[in-house]
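Quick notes on the structure that follows.
Chains as they are written, first to last, in the numbering used here: chain A, 54 to 248; chain B, 17 to 220.
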């Protein structure tokens, strides 16, 4: 067998076998991975909305909103959606819940981020705050959306539309607020146009 | 090439100390520096890398007479990438938390010089048994350094070890230790310590 043919045959066989192994392994692990993603999504929705009996998924213009409802009423009790935007180092993705009239936030949860460990990561959990490690995301609960959410530095928020920045991670704190401010109007319009 | 065969015990132990992939050969430094902000992440990365290293070593040493010399690197990379993807999917399916913490560094095992280096330097020239022993030693050496590095950084940076509180409230955590500079500082000191211990051993 000449050299060139051998090279081609060997490499082809290796890559074909590799493809076979990967596709079968993928079909084994895929349901498990999707299950974990669904669990994470459900957990995030229940974290940002007031307690509901079930939620509906609704796609409006390629954007998915999750509408929390109670069994005894057709009126929604809250609407949740996912936003992405750039933070200090990379993408931040946040699940945000609002009340059906879009006046205030019911809760937020950071789903993904690659911010500075120990500083920017406090938007998820702040281990240095022993009394409430989740003070940053939790302070968004009840924040008024008009005219927009504002960030205050080194002070306790005085107005209902203000949240406090994390000291040492002002850019990350502002990024979270900016991502919400920038997107919420669009979601509001989309949602209200379909109702 | 092969003069007198090296005893298997030595083949195994060289990876742990004398030819330790991180401390002596300075291979695979990217994951070493990037993921060791906690002991558990270091352990998971070490185990994933060792899995890929052992599996690829077995396959490549079996195929060492089949793969033509000119396309060996392409062949090795396909084999390594296959095992890396298997490990990546495994972590995502069964250990989602760890998979999330390690992020893009699992797929990046493909380009870990330690793995390709061992294939080129060892598995492509030795039998299966010897290659497994070599990969096992190198893998354990890699895990050892990553866990030590992760432990030091986690204790000083987050006051915990394997997520268990080890230092009291009196200790103000050194933030720098879980940031990238902490990785460089700790690794530098560890390599220095390794060299110092080695020199002493020679003198005695």
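For every residue, glycine included, the Cβ atom is placed at its ideal position computed from N, Cα and C.
Please list the partners that residue 71 of chain A has in chain B, where partner means a Cβ-to-Cβ separation under 8 Å. 94, 95, 97 and 98
Given that residue 84 of chain B touches chain A, what residues does it touch there, using C-beta distances under 7 Å? 56, 59, 60 and 63
Taking the continuous beta strand (DSSP E) assigned at residue 215 of chain A, which residues delimit it? 215-217
I want to verify the contact list: residues of chain B whose CB lies under 8 Å from the CB of residue 180 of chain A, in sequence order. 174
Comparing alpha-carbon positions, which option in A/96, A/69 and A/67 lies nearest residue 164 of chain A? A/96
I need the straight-line Cα distance from residue 63 of chain A to residue 73 of chain B, nearest angstrom please. 18 Å
By how many angstroms is the C-alpha of residue 172 of chain B removed from the C-alpha of residue 148 of chain B? 36 Å
7 Å Cβ shell around residue 198 of chain B - same chain, five flanking residues per side excluded: 169, 173 and 192
Thinking C-alpha only, which one of B/67, B/68, B/34 and B/95 is nearest residue 80 of chain B? B/95
Other residues of its chain near residue 42 of chain B: CB distance less than 8 Å, five sequence neighbours each side excluded: 207
Would you call the stretch 54-69 of chain B and the stretch 112-122 of chain B in contact, with 3 or more CB pairs under 8 Å? yes
Using a beta-carbon distance below 8 Å, is residue 184 of chain A in contact with chain B? no
Please confirm if the stretch 20-40 of chain B is in contact with the stretch 157-174 of chain A, defined as three or more CB-CB distances below 8 Å between the two stretches. no
Opposite residue 137 of chain A in the DSSP bridges: which residues? A/146
How would you list, in chain order, the residues of chain A whose beta-carbon sits under 7 Å from the beta-carbon of residue 112 of chain B? 89
8 Å Cβ cutoff, residue 17 of chain B in contact with chain A: With a pLDDT of only 48 at residue 17 of chain B, under 50, the local geometry of the prediction cannot be trusted, and no value is derived from it.
So with CB distances below 8 Å, who are the chain B contacts of residue 95 of chain A? What residue 95 of chain A touches in chain B: nothing, since even the nearest Cβ is about 14 Å away.
CB of residue 65 of chain B within 8 Å of CB of residue 203 of chain B, strictly: no
Around the Cβ of residue 17 of chain B, are there at least 16 other Cβ atoms within 10 angstroms (buried) or fewer (exposed)? Because residue 17 of chain B sits at a pLDDT of 48, beneath the cut-off of 50, its placement in the model cannot be relied upon, and the point is left open.
Note down, in chain order, all residues in the stretch 101-132 of chain B with a beta-carbon under 8 Å from any beta-carbon belonging to chain A. 101, 102, 105, 106, 108, 109, 110, 112 and 119
Does DSSP put residue 112 of chain A in a helix, in a strand, or in coil? strand
Do we get a CB-CB distance below 8 Å when we pair residue 91 of chain B with the residues of chain A? yes
List, in chain order, every chain A residue whose beta-carbon is nearer than 9 Å to that of residue 195 of chain B. 169, 170, 171 and 172
Can you find a CB in chain B that lies within less than 8 Å of the CB of residue 230 of chain A? no
Could you say which of A/203, A/136 and A/180 lies nearest to residue 116 of chain A if we only look at CA atoms? A/136
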